[in-house]
Amino acid sequence: MSPVVALRRTQQERREETRRALLDAAVASLLEVGYARTTTLEVQKRAGVSRGALLHHFPSKAQLLAAAIEHVVRIRGAELERRLAAMPAGGARAGAALDLLWDVYADPHIQVSIELWAAARTDAELHGALIGQERAFGRTMRSICRQIFGDETVARPGFDEAVDVTLQLLRGAALTSIMRPDANRFARLREVWGLVLSRWLGPAGAPAPSTEGDEDGERTSI
């Protein structure tokens, strides 16, 4: 019988494993105790790593939390891509799209990012660390919307504006649901906005008003 040779992890593999443990621990802490009580010491303990290891990967709490949000968006984005194949065609697609998008914003992991965005209002370092991730999340969601609706709908006048308004509405609804969880409220919102969206993006719909880009030339981030 041939001897079993234990495969040793490379230094790069060990680094990636430590980084992943820190990100998972940061996300878990944010979910369980929120932003205010998520400290670097708390994350270090949960990940089971040394202080030096944490500081090597993330020199500040703001950098750690920004990376944690990127980590969440990447994982949830991959899950969302897998659900796109089951989307119905025809007139039912707008309603199904709203259901799918609502699942994104109602996910506690994404609501953690909303909590951090709110905290960034008075934390310049956190704001600076998060702004890139917030814009990346907006680009991801708009890309998913283009895949949901397909090329024909994407080409219609007002599509980008309809998507921006829809995502802003859903983010507001998600924020409201934190304080007042009510599935019936969203069901009513979905029904009304589904009708509006169908008419807006219908073949006979008139172009929606244009929206201005931000100072960096990008569309409003969602």
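Count along the sequence shown from 1, add 1, and you get the number used in this note's numbering. In this text, a Cβ means the ideal position worked out from N, Cα and C, and glycines have one as well. This one's a predicted model, so the numbers in the text were calculated from it and none came from an experiment.
Item to complete: Would you tell me roughly how many angstroms separate the C-alpha atoms of Thr141 and Leu196, rounded to the nearest one?
Response: 25 Å
Worksheet item: Per the contact definition of three or more C-beta pairs closer than 8 Å, is the region 63–79 in contact with the region 110–126?
Response: yes
Worksheet item: Which word fits Ala37, buried or exposed, when buried means at least 16 other C-beta atoms lie within 10 angstroms of its C-beta?
Response: exposed
Practice prompt. May I ask which residues mark the beginning and end of the alpha helix (DSSP H) holding Asp161?
Written response: Start and end: Phe160 to Met180.
Fill in: Cutoff 7 Å; reference Leu171; Cβ partners in own chain excluding five residues on either side
Leu102, Trp103 and Tyr106
Discussion item. For Asp25, report the span of its alpha helix (DSSP H) as first-last.
Written reply: Gln12 to Arg38
Worksheet item: In chain order, which continuous runs of the alpha helix (DSSP H) of length 4 or greater are located wholly inside the region 56–117?
Response: 62–84 and 94–107
Worksheet entry | C-alpha distance - Glu213 paired with Asp161, whole-angstrom precision | For Glu213, the pLDDT reaches just 48, beneath the cut-off of 50, and the residue's location in the model is therefore unreliable, although a value from the coordinates is still provided. Here the C-alpha atom of Glu213 lies approximately 12 Å from the C-alpha atom of Asp161.
Item to complete: Determine the closest residue to Ala125 out of Ala175, Ser61, Leu176 and Leu55, with distance taken between C-alpha atoms.
Response: Ser61
Discussion item. To the nearest angstrom, how far is the alpha carbon of Ala119 from that of Gly139?
Written reply: 16 Å
Item to complete: If I'm right that Ala174 touches Leu190 with Cβ under 8 Å, what's the distance once you round it to whole angstroms?
Response: Right, the Cβ-Cβ distance comes to about 6 Å (below 8 Å), so this counts as a contact.
Worksheet item: In three-state terms, what does DSSP make of Ala156?
Response: coil
Item to complete: Return yes when the Cβ of Val34 is within less than 8 Å of the Cβ of Leu296, no when it is not.
Response: For the chain, the structure presents residues 2 to 223; residue 296 sits outside this window and is missing.
Discussion item. Given this structure, state the Cα-to-Cα distance separating Val74 from Phe59, to the nearest angstrom.
Written reply: 18 Å
Discussion item. I'd like to check one pair, Thr40 with Arg27: are the Cβ atoms closer than 8 Å?
Written reply: One point to set straight first is that residue 27 is Ala, not Arg, in the sequence displayed. No, the Cβ-Cβ distance between Ala27 and Thr40 is not below 8 Å.
Item to complete: Output yes or no for whether 8 Å exceeds the beta carbon distance between Ala86 and Ile149.
Response: no
Practice prompt. Answer yes or no: do Gly159 and Trp194 have a C-beta to C-beta separation smaller than 8 Å?
Written response: no
Worksheet item: By a C-beta neighbour count over all protein chains shown, 10 Å radius and 16 as the cutoff for buried, is Leu131 buried or exposed?
Response: buried
Worksheet item: Count the other CB atoms within 10 Å of the CB of Arg9; is the residue buried (16 or more) or exposed (fewer)?
Response: Its Cβ having fewer than 16 others within 10 Å, Arg9 is exposed.
Worksheet item: Any idea if Arg181 is buried or exposed, counting beta-carbon neighbours within 10 angstroms, 16 or more meaning buried?
Response: exposed
Item to complete: May I have the straight-line CA-CA distance separating Asp165 from Gln12, to the nearest angstrom?
Response: 43 Å
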